[in-house]
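Numbering (our numbering), first residue to last: 201 to 776.
Okay, here's the thing in structure tokens:
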């Protein structure tokens, strides 16, 4: 019995199933060889919110044989800068810092392999007069004089006034020699990477936004990752099965939504220079504004260098169910999408469309530019040519092999994909059909599977084969504490609510159900998990929040798991 209870405690306290943590964000920078690092060829990600007082940023990253190029585009309503740059005060104006750490990934204090490079927005002054750099030393930063270049720009009515602007950008080129490297790192190398953005508007308040969200200026382990080269997944297996997933076919429900300017550059939502409504509207708002259902059946992917037209920018998010996929030996996978048009065909350039992954779920009814998820990482590029006027629709294959393999190996039930671009010219908008379009036009996920890993795994659930908690899950399954989904999967990476946790604890510790007494006001006795919640309440294992509620639908966190388990062990007379 003690061994079983110890297994329970370890499982509950260690498994990420019960822990909501920000995944480490990564940018996979493409290797652009000996040529110039063109922004249209770089990887892209984003961070921040867009409001009258807050900034949103697109970040482009790539490298060549000489160094790393990072371009940060900031959507900003009011531009403010200090004409006489000072390293001591530049953070009191619109400015941005870039951080790199080439040493150990787990380092928690900046050292000699830590670097940061700062610049401030400026108007027409010499770029080199608006930069500063530092090296880590003993947990703090010391100014240095390493070589790097800054190229800055802006769009709007002009800085240091009350007129509505569009934003500003800064482009860094950092030679490898300036971060202690004699040559480009080998593909697959990972270093730490972070960004801190400072925003000053009309008042004295300075707002900061970081990437990633966990960023701490002197702790490299809290930064994101810069991975050299694109990610790869390879399988030597022969194809033994092909799985096709498309919305409405064989019961599949594909979730998708577009955010941004759609095909009309946000025209109906231009109040306050687009800063009020544009970031908050959903595809259904476009349906209402335009008086047609076009925004439901189509989406746009668009980006450009010129910040003057950022209301045209558009992204797409989609979730494909993986519950019908048995085995995880992925030979290849592709997202097939129908491209049926583009903006201004006579001037439209070829686009390099990027596929990225993200965590969490999206809600088609509410997703917008501001609440859309950040990217976890970019995974692939596909060139999409413009269609001439009257041209027939073309189907494009987007490589998602790496994303599918990762999702299946982690036991995920959904494949989460974002579609965006780092294009720089105008008129780059490419129009595709959504999962609400006619059957033949809908996006399709096609997965080719081998039998390499699935045949070698013996488990109660096919999606726990690669989980480090496989034995714990098997133990609890055999004891009747946990069971899987109706599709046969367990979902080891899925989050767990406080109500579900209550059931796990009651079953794991074999408590008799006690349903008498006053219940939590937000837990109805008709709820299927009510008996388990009420049992733990009656035993004093849970007490709810200060306002008297239990909040059964909230995802449980590590602290709450600890309290659940420790209190349950005390109830059983087990020393903690």
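Every residue, glycine too, gets a C-beta built ideally from N, C-alpha and C.
Original post:
Considering residue 751, what are the terminal residues of the beta strand (DSSP E) in which it resides?
Top reply: Looking at the DSSP string, residue 751 is not in any beta strand (DSSP E), and its letter there is neither H nor E.
Original post:
To which residues of the same chain is residue 360 closer than 8 Å at the C-beta, ignoring the five residues directly before and after it?
Top reply: Closer than 8 Å at the Cβ level, and outside the excluded window around residue 360, lie 279, 280 and 281.
Original post:
What number of angstroms, rounded off, separates the C-alpha of residue 194 from the C-alpha of residue 383?
Top reply: A query on residue 194 cannot be resolved here, the shown segment of the chain reaching from 201 to 776 and no further.
Original post:
According to DSSP, is residue 547 helix, strand or coil?
Top reply: Here residue 547 sits in coil by DSSP.
**OP:** Name, in chain order, the residues that DSSP records as bridge partners for residue 351.
**Re:** In the DSSP assignment, the residues bridged to residue 351 are 371.
Original post:
Going along the chain, which unbroken runs of the beta strand (DSSP E) with 3 or more residues stay wholly within the segment 249 to 288?
Top reply: Restricting attention to beta strand (DSSP E) runs no shorter than 3 residues, the segment 249 to 288 encloses them at 256 to 263 and 267 to 275, ordered along the chain.
Original post:
Nearest-angstrom Cα distance between residue 571 and residue 385?
Top reply: Spanning the two alpha carbons is a distance of roughly 35 Å.
**OP:** Give every residue of the same chain whose Cβ lies closer than 8 Å to the Cβ of residue 747, excluding the five residues on either side of it in the sequence, and list them in chain order.
**Re:** Excluding residues up to 5 positions away in sequence, nothing lies with its Cβ nearer than 8 Å to the Cβ of residue 747 in the same chain.
Subject >> Host beta strand (DSSP E) of residue 501 (start-end) >> reply: 498 to 501 is the span of the beta strand (DSSP E), which, as asked, contains residue 501.
Original post:
Grouping DSSP H, G and I as helix and E and B as strand, with all else coil, what is residue 216?
Top reply: A caution first: residue 216 carries a pLDDT of 44, below 50, which makes its placement in the model unreliable, though a value can still be read off. Looking at residue 216 - three-state DSSP - the assignment turns out to be helix.
**OP:** Could you tell me how far apart the beta carbons of residue 393 and residue 426 are, in whole angstroms, since I believe they sit closer than 8 Å?
**Re:** In this structure, residue 393 and residue 426 form a Cβ contact; the two beta carbons are roughly 4 Å apart against a cut-off of 8 Å.
**OP:** Name the one or two DSSP bridge partners that residue 638 has.
**Re:** In the DSSP output, where bridge partners are listed per residue, residue 638 has none listed.
**OP:** Below 8 Å on the Cβ atoms is my guess for residue 500 versus residue 691; work out the distance and round it to an integer in Å.
**Re:** The C-beta separation of residue 500 from residue 691 comes to about 33 Å, leaving the pair out of contact by the 8 Å criterion.
Subject >> The beta strand (DSSP E) enclosing residue 735, as first and last residue numbers >> reply: It is not in any beta strand (DSSP E) - residue 735 instead sits in the alpha helix (DSSP H) that spans 730 to 738.
**OP:** Please confirm if the segment 607 to 621 is in contact with the segment 515 to 531, defined as three or more CB-CB distances below 8 Å between the two stretches.
**Re:** Segments in contact, yes.
**OP:** Compare the C-alpha of residue 344 against each of 351, 378 and 745 and name the closest.
**Re:** Among 351, 378 and 745, the Cα nearest to that of residue 344 belongs to 378.
Subject >> Reference residue 402, options 664, 432 and 253, closest by Cα >> reply: Per the Cα distances, 253.
Subject >> Residue interval of the alpha helix (DSSP H) (run including residue 561) >> reply: First-last for residue 561: undefined, no H or E at that position.
Original post:
Would you say the beta carbon of residue 491 comes nearer than 7 Å to a heavy atom of the ligand HEM?
Top reply: With respect to small molecules bound, the structure shown includes none, and the ligand HEM cannot be examined in it.
Original post:
Is the number of C-beta pairs between the segment 530 to 541 and the segment 558 to 576 that are closer than 8 Å three or more?
Top reply: No, the segment 530 to 541 is not in contact with the segment 558 to 576.
**OP:** Please determine if the segment 740 to 756 and the segment 692 to 710 are in contact, where contact requires at least 3 C-beta pairs separated by less than 8 Å.
**Re:** Flag = yes, the segment 740 to 756 and the segment 692 to 710 touch.
Original post:
Are at least three pairs of beta-carbons, each pair with one atom in the segment 634 to 643 and one in the segment 434 to 453, less than 8 Å apart?
Top reply: Touching, per the Cβ criterion.
Original post:
DSSP three-state call for residue 316: helix, strand or coil?
Top reply: It is a strand residue.
Original post:
Taking C-alpha atoms, which residue in 275, 431, 333 and 585 lies nearest to residue 256?
Top reply: The residue among 275, 431, 333 and 585 with its C-alpha nearest the C-alpha of residue 256 is 275.
Original post:
What is the DSSP secondary structure of residue 656, counted as helix, strand or coil?
Top reply: For residue 656, the pLDDT reaches just 43, beneath the cut-off of 50, and the residue's location in the model is therefore unreliable, although a value from the coordinates is still provided. Here residue 656 sits in coil by DSSP.
Subject >> Nearest-angstrom Cα separation, counted from residue 420 out to residue 356 >> reply: Between the alpha carbons of residue 356 and residue 420 lies a distance of about 35 Å.
Original post:
By Cβ distance below 8 Å, which residues in the same chain neighbour residue 410 in space, the five residues on each side in sequence not counted?
Top reply: Hits under 8 Å: 247, 394, 395, 396 and 397.
**OP:** Work out the CA separation of residue 432 and residue 654 for me, nearest whole Å.
**Re:** Any reading at residue 654 must be qualified, since the residue scores a pLDDT of 40, below 50, and its modelled position is unreliable; no value is offered.
Subject >> Through-space distance from residue 251 to residue 471, alpha-carbon basis >> reply: Looking at the two C-alpha atoms, the distance is approximately 12 Å.
Subject >> Extent of the continuous beta strand (DSSP E) to which residue 537 belongs >> reply: Where residue 537 is concerned, the enclosing beta strand (DSSP E) stretches over 530 to 542.
**OP:** Would you list the one or two residues that DSSP bridges to residue 517?
**Re:** DSSP lists 457 and 618 as the beta-bridge partner residues of residue 517.
Original post:
Do the segment 671 to 684 and the segment 723 to 738 make contact, defined as three or more Cβ pairs closer than 8 Å?
Top reply: Output reads no: the segment 723 to 738 does not touch the segment 671 to 684.
Subject >> Cβ neighbour criterion (16 or more within 10 Å) applied to residue 236 >> reply: Counting other Cβ atoms within 10 Å of its Cβ, residue 236 stays below 16 and is therefore classed as exposed.
Original post:
Ordered along the chain, which non-local residues of its own chain (more than five positions away) have a Cβ less than 7 Å from that of residue 751?
Top reply: 698, 722 and 745, listed in sequence order.
Original post:
For residue 557, is the classification buried or exposed, using 16 other Cβ atoms within 10 angstroms of its Cβ as the cut-off for buried?
Top reply: Residue 557 counts as buried, since no fewer than 16 other beta carbons sit within 10 angstroms of its beta carbon.
**OP:** Could you have a look at residue 379 and say whether DSSP puts it in helix, strand or coil?
**Re:** It is helical.
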